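Mapping the sequence shown onto UniProt numbering, position 188 (from 1) lands on 188, and the numbers just tick up by one.
Glycine residues also receive a C-beta, built at the ideal position from the N, C-alpha and C atoms.
None of the values given here were measured: they were computed from a predicted structure.
Working notes, structure below.
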Amino acid sequence: MADPVALVALALDAAIGWPDRLYARIGHPVGAFARFLNLAERLGNRPDWPEGVRRGLGVLTMFFLIALTGGAAWWLDRELHLLFGRWGWVASAVLAWPGLAQRSLYVHVRPVAAALMRGDLPAARTLVARVVGRDTDRLDQAGVSRAAIETLAESFCDGIVAPLFWLLLLGLPGLWMYKAINTADSLIGHKEPRWRAFGWAAARIDDGANWVPARIAGLLVCVAGAGGWTVMKRDARAHASPNAGWPEAAMAGALGIALAGPVAYDGVTQIKPWIGREGRAASPKDIVIALQIYARACLLLWLIAGGVAWLA
1 MADPVALVAL
11 ALDAAIGWPD
21 RLYARIGHPV
31 GAFARFLNLA
41 ERLGNRPDWP
51 EGVRRGLGVL
61 TMFFLIALTG
71 GAAWWLDREL
81 HLLFGRWGWV
91 ASAVLAWPGL
101 AQRSLYVHVR
111 PVAAALMRGD
121 LPAARTLVAR
131 VVGRDTDRLD
141 QAGVSRAAIE
151 TLAESFCDGI
161 VAPLFWLLLL
171 GLPGLWMYKA
181 INTADSLIGH
191 KEPRWRAFGW
201 AAARIDDGAN
211 WVPARIAGLL
221 VCVAGAGGWT
231 VMKRDARAHA
241 SPNAGWPEAA
251 MAGALGIALA
261 GPVAYDGVTQ
271 IKPWIGREGR
281 AASPKDIVIA
291 LQIYARACLL
301 LWLIAGGVAW
311 LA
């Protein structure tokens, strides 16, 4: 039986998340990635430089980010095992804990449903704006519900399944290298002219790092929601992302609703294909049910993490 690092990390995250007091004192580890990337972007993403140069510097940025993160995590993990001996795995679990986001995602999405259910649409728009990048000031009840459910489904992969996958596969360095990659994609992996060249490597590497976890996430949502297989198989590839469509389509099918569709960013409406096009409009009750599916899917991950520890 292997040390249950992943299982304990999941338990810590579910029990206390990343406490506000701790965040106020020391921030969060991904803040270090953000500072590195902001510095690299200021130095290497000059608009007057050729696109090929900026792309190359973006590749170099990702190389150093991943190498430094993986090396630091490996060294710290080794030193803690030397220091604590047979209990070093507990320290590894504590270091893995901030890389998971089960509780954070739940506590950010649940208030959106609560606000809608008490009829406070402006509050719901404000709350959902904290977890989505789209314009929210004109969303109706269905639009807010759809946005909340989409981010819940997509973030189930990015925030829980993928970091856990890489933790189980490559240990502590795997988890934190993934978090570095995912942070880079969030900050610089955009298609706008400013970021297209410099952030190209971040976006492509993130696509690769999420390829397997996204499909696992979709399967888990289907199992937890007792449905969604048909919509997932049919519509997962309709999403602009090669990965986000899998958990989103699974959630749409499990709930019997339509997701995606027209979305506004910075005042410009983008027409996206509907996922689960035959489904009804999303409602506040669907957010509640989606959270229940999400909780069951997280429980399945606990079983997987425990099974890996038992069998390894």
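Flag this pair as yes or no: are the beta carbons of L152 and A305 separated by less than 9 Å? no
With a threshold of 7 Å on Cβ separation, who are the neighbours of G174 within its own chain once the five nearest residues in sequence on each side are excluded? W166 and L167
Opposite I257 in the DSSP bridges: which residues? R280
Between S145 and I287, which are expected to be in contact by the criterion C-beta below 8 Å, what is the C-beta distance as a whole number of angstroms? 6 Å
Boundaries (first-last residue) of the beta strand (DSSP E) holding T136: Counting along the chain, T136 falls outside any beta strand (DSSP E), and DSSP gives it neither H nor E.
Could you check whether T61 and F33 sit closer than 9 Å to each other, using their CB atoms as the reference points? no
So, using beta-carbon positions, are Y265 and R130 closer together than 9 Å? no
Hey, would you say D206 sits closer than 9 Å to G218, going by beta carbons? no
Using only the alpha-carbon positions, how far apart do R234 and V90 sit? 43 Å
On a Cα-Cα basis, can you pick out the residue from C222, L7, V128 and A148 that is closest to A281? A148
Ordered along the chain, which non-local residues of its own chain (more than five positions away) have a Cβ less than 8 Å from that of F198? E41, G44, N45, R54, R55, L57, G58, T61 and I188
Can the beta-carbon of V223 be found less than 9 Å from the beta-carbon of M251? no
Which residue from P4, G171 and H239 puts its Cα closest to that of R78? G171
Pairwise C-alpha distance: W302 and L311: 14 Å
Drop a sphere of 10 angstroms on the beta-carbon of W176, count the other beta-carbons inside from all chains shown, and report buried for 16 or more, exposed for fewer. buried
Note down the Cα distance separating K285 from G253, rounded to an integer number of angstroms. 15 Å
So what's A264 in DSSP terms, helix, strand or just coil? strand
So for I26, helix, strand or coil by DSSP? helix
Counted within 10 angstroms of its Cβ, other Cβ atoms place D137 as buried (16 or more) or exposed: exposed
Give me the DSSP bridge partner(s) of I275. L259
Of the choices L39, A115, S241 and W18, whose alpha-carbon is the least far from that of E150? S241
For N182 and V5, what's the separation of their Cα atoms in angstroms? 22 Å
Would you call the CB atoms of G17 and R118 closer than 9 Å? no
Where do the ends of the alpha helix (DSSP H) carrying H81 lie? E51 to F84
Is the beta carbon of G276 sitting closer than 9 Å to the one on A249? yes
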